[in-house]
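Colleague:
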Amino acid sequence: MDKDVYSLCFMCSVRCPIKVKVKDGHVDWIEGNQHVAGIDGSLCPRGSAGKSLLYDDQRLQSPLIRVGERGSGNWRKASWDEAIDYVATQLKEIIDKNGGHSVALCERAQLSTHVSKTFLKALKSPNHFTHDALCKGSVNTACRSLFGYTDGQMGINYGNTKHIVLYGRNLFESLAVKEVNTLMDAMEKGAKLTYIDPRVNVTASKAHRYWMIRPGTDLALNYALMHVILKERLYDAEFVSKWVHGLNELQDFVETYTPEWAEAETGIPAEEIISFVREISQVKPAVIFHYGYRGANLTNEIYMRRSTLILNSLMGSVEAKGGIFFKKGPGEVGGKAARKLVSQDFPKIDVPRFDKVGTKDFPLPDPSHGVGQILPYAILNEDPYPLKALIAYRLDPLMSIADTNQTKRALEKLDLIVAIDINYSDIAWYSDVILPESTYLERTDSIQQMNGLKPQMFLRTKAVEPRYDTLDGAIILKKIGEKLGIGDYFPYETMEDLVDWQLEGTGFTREDFEKKGFVAYGPDQIFWDRDKLPFKTPSGKIEFKSSLLEDVGFESFPKYEPIPLPENGKFRLVVGRSAIHTHISTQNVPYLNELESENTLWINTAKADELGIKNNDVVEVASSVGKGQIKAFVTDLIHPEAVYMLHGYGHEATRAKRSFNKGLSDAVLQENLTDRVGGSPAFHATFVTVKPL
Amino acid sequence: MSKYYLFQDIKKCIGCHACEIQCKSNKNLPIGPKLCQIIQVGPKFINGLPKMSFIFMPCFHCENPWCVSACPTGAMQKRSKDGIVFVDKDLCVGCKTCVSACPWGAPQWNQDTGKVEKCDYCMDRIDQGLDPACVTTCTTGCLQFGNVEETTQIRRERHASAVASLEKSSF
Chain A
59 MDKDVYSLCF MCSVRCPIKV KVKDGHVDWI EGNQHVAGID GSLCPRGSAG KSLLYDDQRL
119 QSPLIRVGER GSGNWRKASW DEAIDYVATQ LKEIIDKNGG HSVALCERAQ LSTHVSKTFL
179 KALKSPNHFT HDALCKGSVN TACRSLFGYT DGQMGINYGN TKHIVLYGRN LFESLAVKEV
239 NTLMDAMEKG AKLTYIDPRV NVTASKAHRY WMIRPGTDLA LNYALMHVIL KERLYDAEFV
299 SKWVHGLNEL QDFVETYTPE WAEAETGIPA EEIISFVREI SQVKPAVIFH YGYRGANLTN
359 EIYMRRSTLI LNSLMGSVEA KGGIFFKKGP GEVGGKAARK LVSQDFPKID VPRFDKVGTK
419 DFPLPDPSHG VGQILPYAIL NEDPYPLKAL IAYRLDPLMS IADTNQTKRA LEKLDLIVAI
479 DINYSDIAWY SDVILPESTY LERTDSIQQM NGLKPQMFLR TKAVEPRYDT LDGAIILKKI
539 GEKLGIGDYF PYETMEDLVD WQLEGTGFTR EDFEKKGFVA YGPDQIFWDR DKLPFKTPSG
599 KIEFKSSLLE DVGFESFPKY EPIPLPENGK FRLVVGRSAI HTHISTQNVP YLNELESENT
659 LWINTAKADE LGIKNNDVVE VASSVGKGQI KAFVTDLIHP EAVYMLHGYG HEATRAKRSF
719 NKGLSDAVLQ ENLTDRVGGS PAFHATFVTV KPL
Chain B
-5 MSKYYLFQDI KKCIGCHACE IQCKSNKNLP IGPKLCQIIQ VGPKFINGLP KMSFIFMPCF
55 HCENPWCVSA CPTGAMQKRS KDGIVFVDKD LCVGCKTCVS ACPWGAPQWN QDTGKVEKCD
115 YCMDRIDQGL DPACVTTCTT GCLQFGNVEE TTQIRRERHA SAVASLEKSS F
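Taken in order, these protein sequences are the chains called A and B. First residue of the first sequence: 59, per our numbering; consecutive thereafter. First residue of the second sequence: -5, per our numbering; consecutive thereafter.
1) Please list, in chain order, the chain B residues whose beta carbon lies closer than 8 Å to that of M242(A).
2) Considering Cα atoms alone, identify which of K6(B), G26(B), S94(B) and E144(B) is closest to C132(B).
3) Report all residues from its chain with a CB closer than 8 Å to the CB of K38(B); omit the five preceding and five following residues, and keep chain order.
4) Taking only three categories from DSSP, how would you classify E165(A)?
5) Anything in the segment 109 to 143 of chain A with a Cβ closer than 7 Å to a Cβ of chain C? List those residues in chain order, please.
6) Can you list, in chain order, the residues of its chain with a C-beta nearer than 6 Å to that of G158(A)? Leave out the 5 residues immediately preceding and following it.
7) Does the CB of Y268(A) have a neighbour CB from chain B at under 8 Å?
8) For F297(A), collect the residues of the same chain with a Cβ closer than 6 Å to its Cβ; drop the 5 residues on either side in sequence, then sort them by chain order.
9) Compare the beta carbon distance of T491(A) and I123(A) with 8 Å and say whether it is the shorter of the two.
10) Could you give the DSSP three-state label for I25(B): helix, strand or coil?
11) Under the DSSP definition of a beta bridge, which residues are partnered with L43(B)?
12) Relative to the C-alpha of E377(A), which residue among R397(A), V345(A), K394(A) and K406(A) is closest?
13) Taking DSSP as the reference, what is the three-state secondary structure of T134(B)?
14) Could you give the first and the last residue of the continuous beta strand (DSSP E) run that contains Y281(A)?
15) What's the gap between the Cα of A278(A) and the Cα of K289(A)?
16) Which residue spans inside the segment 293 to 349 of chain A form an unbroken beta strand (DSSP E) run of at least 3?
17) Note down, in chain order, every chain B residue with its Cβ under 8 Å from the Cβ of V235(A).
18) Along the chain, where does the beta strand (DSSP E) containing H186(A) start, and where does it finish?
19) Spatial neighbours of K603(A) within its chain, please: C-beta separation below 7 Å, excluding the five flanking residues on both sides.
20) Hey, which unbroken runs of the alpha helix (DSSP H) at 4 residues or more fall wholly within the segment 469 to 510 of chain A?
21) Evaluate P592(A) with the Cβ neighbour count: other Cβ atoms within 10 Å of its Cβ, from every protein chain shown; 16 or more gives buried, anything less gives exposed.
22) May I ask which residues mark the beginning and end of the alpha helix (DSSP H) holding A690(A)?
23) Tell me, to the nearest whole angstrom, how far the beta carbon of I459(A) is from that of G430(A); I am working on the premise that it is less than 8 Å.
24) Return the first residue and the last residue of the alpha helix (DSSP H) that M373(A) is part of.
25) What residues in its chain sit with their C-beta under 7 Å from that of K541(A), if we drop five residues either side in the sequence?
26) Could you work out which residue in N662(A), P434(A) and T497(A) is closest to A468(A) when comparing CA atoms only?
27) On the DSSP letters alone, give me the boundaries of the beta strand (DSSP E) that K90(B) sits inside.
28) Within 10 Å of its beta-carbon, does H84(A) have 16 or more other beta-carbons around it, so buried, or fewer, so exposed?
29) So, G274(A) versus H697(A), is the Cβ gap smaller than 8 Å?
30) Measure from the alpha carbon of F718(A) to the alpha carbon of each residue in V735(A), F612(A) and N657(A), then state which is nearest.
31) With a threshold of 8 Å between beta-carbons, can G140(B) be considered close to chain A, or not?
32) Do you know offhand how far A320(A)'s Cα is from P524(A)'s?
33) Please check if any C-beta of chain B sits within less than 8 Å of the C-beta of P648(A).
34) Would you mind working out which of S643(A), G392(A) and W559(A) sits nearest I505(A), comparing C-alpha positions?
35) At the level of alpha carbons, what is the spacing between K79(A) and E57(B)?
36) Quick one: measure Cβ to Cβ for G393(A) and I478(A), integer angstroms, because I've assumed they're closer than 8 Å.
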């Protein structure tokens, strides 16, 4: 029987709306949902490979229990009953002895994250953390410090912008379809793109202005931009005087950060900095200084992210068309959001999180995401208490947390590692039990509450039956929960039951999603009245001078620390993404692997010449914590102080045959460093040596 | 030439290769054959700005296709009603003569079947009133399929708005 199913992609975390054509129980065709503006039927390369993932026989096919040493790859097949029983028995023993808080769960935040959080809360463990913290914890904290909203509560109005500035936000490669197309439309209407990156990429090639900045000095550039804006009074005076708290302090602070000073630090000519500011301020407030998607480069990351948000505020581009905005929820139009399981009553938890977020040691990061890179330290030092079990739910600490060797040493100390995954990820390979999850095409999922200019809800709907012996993650956790005596927290038998439970009281039913894949609470885009902006900071204003920071002893405007030249023979390691792969999770998907099976190390031609490295030579890259081999890509398209590699390679799971041992993992080289104010890891703070073999 | 025109709006192309993948996915092709392909040229600095080109290479569906004349079995054919050049796999014996004959590298080799695969503009889809797979889901909509007049219009309108200067015009 043929049918069309509206659903949500999950080849990456963007979750674009899709339409799946099913023929005789098989997925015949996938396209973007044509009812969604900005998607209009489009699908990115990863989304186009959905069938390639679904019909890949190298993905996980049944529950597995380890029989050999950890990481040896000796598994036996198990039934679901046996695997769930095994996990529950071990967890029970651990919890009885060490308490519920000795269990941690990490995941790539997803639609059913409320289920995993419920699982841990019911076990009295505060130790849930998400990928978000590893990616942009400091962006989150920066947004809260200025506006009182998290980054997740903010959006960017690409379609109406007149000038957008991207700092390493490689928007046309590390891509989300709607963002790409709305920005493309704006550029077609004349919008300008300024791109800043030590490396040339597709986004740089589409830009009207490109600056190959010295790696690590974006903050210096931004302070100089502020200097010019304030000196020449190019800011939106009306907006700033009404809404900004701390303008005078900022003015004093940036006094010495002149364009000439910034030229020496960044390599960008002073006169270009000045002419850029004059140009962009002419089209304010329809300008965007992009605050970052991933924001995890340096140990003072929060101040870089604050600086971009301050620039938006000076331009008045906050809650403005073509600027940045706050997402509107259903409450704005008298609607009700879908329920989440976490709204239930849970037993009180009286221990701190493993990462100490929310305590005086680490006060500012968002506890709803945690700070994942602290995990290896917490395990190794048993600080604040011993952790004994980890459930890794489609988030791979081995490849996503810096310093894989250290993470391995930490994981060795755990009594139990359970992986819930669709692929033989490295953490699955290294775990004790693998519980295979159905792919996004084989399962219905929790409601996607899409807040934005127009509040909506989307639904992922099962298109085909699972091809292998796999289950939905929310069902897996419920089954384990039932064995642990917390089954009452999961009031559903099927995913459809769960969705129906979520929709109760919203006025919508599952059938309402069948026609277009989503429901809207109202017809219009909502912008707040700029005279009545509800900032959630203590002052009710945009806090350049931040009480969030200062109340716990951090400065709002710490003195700029110059970025020193790398020591002789060393390079700053920078990393990034391409259009073909999602982080660490798609390298083994046949069609994607065919296009990009290996990463390379970009190195500047002059530096490569000095070291005797030729294009395509295999080189050894080493940092203080790890080393590995990779092919060199010798090019003028990268700043001489940096080397660059794509994230996501160097997989160690042998059953993922296409990606096994291809390329090199950046996490092996990166030191595990943290922005102790904002919470992000500092992925660009490691220096490496490169030598020919 | 076929009566169709597949237009690639270079300005909007981001070289993401979604077209290649959707093509393979639609035709359930194994690793190897790419019936269309994006070839990246550059980047190169032009007037201080890095520029790159993404050249879209499907089959050009020639007016006088060398692959058709070269094919010894009649497998490679030109559809009379619209000029689409396609291969009838039942007749293909895998001799690769068409591969040798085509100056553009359009015929591709399918290792699994030992036969040739080639872009046929997804004629099964066209016959249903749909666009080719690559065009239908192109990330940015830079690929467009249709008649020549519609697609040239895009360039004319873009050029017109680029040269018109309402603010500075003295007229």
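No residue lacks a Cβ here, since even glycine has one placed at the ideal position from N, Cα and C.
Modeller: The structure says:
1) Locating residue 242(A) in the first sequence gives position 184, where the first residue counts as 1. Residues of chain B passing the Cβ test: K6 and T134.
2) As a working note, residue 132(B) is residue 138 in the second sequence. Comparing Cα positions, the closest option is K6(B).
3) Within the second sequence, the letter at position 44 stands for residue 38(B). Closer than 8 Å at the Cβ level, and outside the excluded window around K38(B), lie P44, K45 and M46.
4) Translated into positions along the first sequence, residue 165(A) becomes position 107. In the structure shown, E165(A) sits in a strand (DSSP, three-state: E or B).
5) Judged by its chain identifiers, the structure shown contains no chain C, and its protein chains are A and B.
6) Taking the first sequence and counting its residues from 1, the one referred to as residue 158(A) is at position 100. Contacts found: L181, K182 and S183.
7) Here residue 268(A) refers to the residue found at position 210 of the first sequence. For Y268(A), the answer is yes, since a Cβ of chain B falls inside 8 Å of its Cβ.
8) Locating residue 297(A) in the first sequence gives position 239, counting from the first residue. G374.
9) Here residue 491(A) refers to the residue found at position 433 when the first sequence is read from its first residue. Here residue 123(A) refers to the residue found at position 65 when the first sequence is read from its first residue. At residue 491(A) the sequence reads Val, which differs from the Thr that was named. Closer than 8 Å, so yes.
10) Stepping through the second sequence from its first residue, residue 25(B) is reached at position 31. DSSP places I25(B) in coil when its eight states are reduced to three.
11) For the purposes of this step, residue 43(B) is taken as the residue at position 49 of the second sequence. DSSP output for L43(B) lists I40(B) as bridge partner(s).
12) To locate residue 377(A), count along the first sequence from 1; it is residue 319. When only C-alpha atoms are compared, the closest one is V345(A).
13) Taking the second sequence and counting its residues from 1, one reaches residue 134(B) at position 140. Of the three classes helix, strand and coil, the one that applies to T134(B) here is coil, per DSSP.
14) Position 223 of the first sequence, counted from the first residue, corresponds to residue 281(A). First-last for Y281(A): D276 to K289, but that is the alpha helix (DSSP H), not the beta strand (DSSP E).
15) As a first step, residue 278(A) is located in the first sequence; it is residue number 220 there, counting from the start. As a first step, residue 289(A) is located in the first sequence; it is residue number 231 there, counting from the start. Going from the Cα of A278(A) to the Cα of K289(A) covers about 16 Å.
16) 345 to 347
17) The residue you call residue 235(A) lines up with position 177 of the first sequence. What V235(A) touches in chain B: T133.
18) Taking the first residue of the first sequence as 1, we reach residue 186(A) at position 128. H186 to T188 is the span of the beta strand (DSSP E), which, as asked, contains H186(A).
19) In the first sequence, counting from the first residue as 1, residue 603(A) sits at position 545. Once the five neighbours on either side are set aside, the close Cβ partners of K603(A) are H303, G304, E307 and S614.
20) 484 to 487
21) Locating residue 592(A) in the first sequence gives position 534, counting from the first residue. By the 10 Å Cβ count, P592(A) comes out exposed.
22) Indexing the first sequence from 1 puts residue 690(A) at position 632. From DSSP, A690(A) is part of no alpha helix (DSSP H) but of the beta strand (DSSP E) over K685 to T693.
23) Along the first sequence, one-based indexing puts residue 459(A) at 401. Along the first sequence, one-based indexing puts residue 430(A) at 372. Between G430(A) and I459(A) the Cβ distance is about 6 Å, and since that is below 8 Å, they are a contact.
24) The residue given as residue 373(A) occupies position 315 in the first sequence. Where M373(A) is concerned, there is no enclosing alpha helix (DSSP H), given that its DSSP letter is neither H nor E.
25) Within the first sequence, residue 541(A) is the residue found at index 483, counting from 1. For K541(A), where only same-chain residues beyond five positions count, the Cβ hits under 7 Å are I142, D143 and A146.
26) On the first sequence, position 410 is the one that residue 468(A) refers to. The option with the nearest alpha carbon to A468(A) is P434(A).
27) Taking the second sequence and counting its residues from 1, one reaches residue 90(B) at position 96. Taken as a continuous stretch (DSSP letters only), K90(B) belongs to no beta strand (DSSP E), as it is neither H nor E.
28) Counting from one through the first sequence, the residue named residue 84(A) turns up at place 26. That one is exposed.
29) As a first step, residue 274(A) must be located in the first sequence, where it is residue number 216. As a first step, residue 697(A) must be located in the first sequence, where it is residue number 639. Not in contact: G274(A) and H697(A) (Cβ atoms no closer than 8 Å).
30) Within the first sequence, the letter at position 660 stands for residue 718(A). Per the Cα distances, N657(A).
31) Residue 140(B) sits at position 146 when you count from the first residue of the second sequence. G140(B) does not count as touching chain A.
32) Mapped onto the first sequence, residue 320(A) falls at position 262. Mapped onto the first sequence, residue 524(A) falls at position 466. Roughly 57 Å between the two C-alpha positions.
33) In the first sequence, residue 648(A) corresponds to position 590, counting from 1. Cβ-Cβ to chain B under 8 Å: yes for P648(A).
34) Taking the first sequence and counting its residues from 1, the one referred to as residue 505(A) is at position 447. It is W559(A) whose Cα lies nearest to the Cα of I505(A).
35) The residue you call residue 79(A) lines up with position 21 of the first sequence. The residue you call residue 57(B) lines up with position 63 of the second sequence. Cα-Cα distance, rounded: 35 Å.
36) Indexing the first sequence from 1 puts residue 393(A) at position 335. Indexing the first sequence from 1 puts residue 478(A) at position 420. About 33 Å; that fails the 8 Å criterion.
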